[in-house]
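Encoded as structure tokens, the structure appears first; notes follow it.
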Amino acid sequence: MNFLVGLVDMAIEIYTWILIARILMSWLPNLDRYHPVVKFIYAATEPVLAPFRNLIPPLNGLDLSPIVVFLLLGFVRRLIIRALFYLL
């Protein structure tokens, strides 16, 4: 049981750090978008960010979708871990 909870927790934590990397990369003006690491980060985050970006328009050029995704990830993390504790 602890292994599965730890695995889910770690996966969400890693994804959170990938999102942080994506945010930081958006501030870099001369970023090589064809670098394999950059392509991986964009490919891993864009399917999650795009629907929220379509729902929430940018506020004075500021993309608020990562904030919503961070809040949602925290909620999903708690929900899944709580459900695993009850099931296992």
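Numbering-wise, our numbering comes out as the position in the sequence shown, counting from 1, plus 547.
Note that beta-carbon positions come from the ideal geometry of N, C-alpha and C, so glycine has one too.
- Counted as a single uninterrupted DSSP element, the alpha helix (DSSP H) harbouring D556 occupies residues N549 to S573.
- About 19 Å separates the CB atoms of V585 and V616; that is not less than 8 Å, and the two are not in contact.
- Here I565 really is in contact with A591; their C-beta atoms are around 5 Å apart, less than 8 Å.
- Buried is the label assigned to R569, since at least 16 other Cβ atoms lie within 10 Å of its Cβ.
- A contact is defined here as three or more CB-CB pairs under 8 Å, and the stretch 619-632 meets this definition with respect to the stretch 555-564.
- In this model, Y633 and L618 are separated by some 23 Å (Cα to Cα).
- Per DSSP, the continuous alpha helix (DSSP H) segment holding Y633 begins and ends at S612 to L634.
- Note on geometry: alpha-carbon atoms of N549 and N607 lie some 44 Å from one another.
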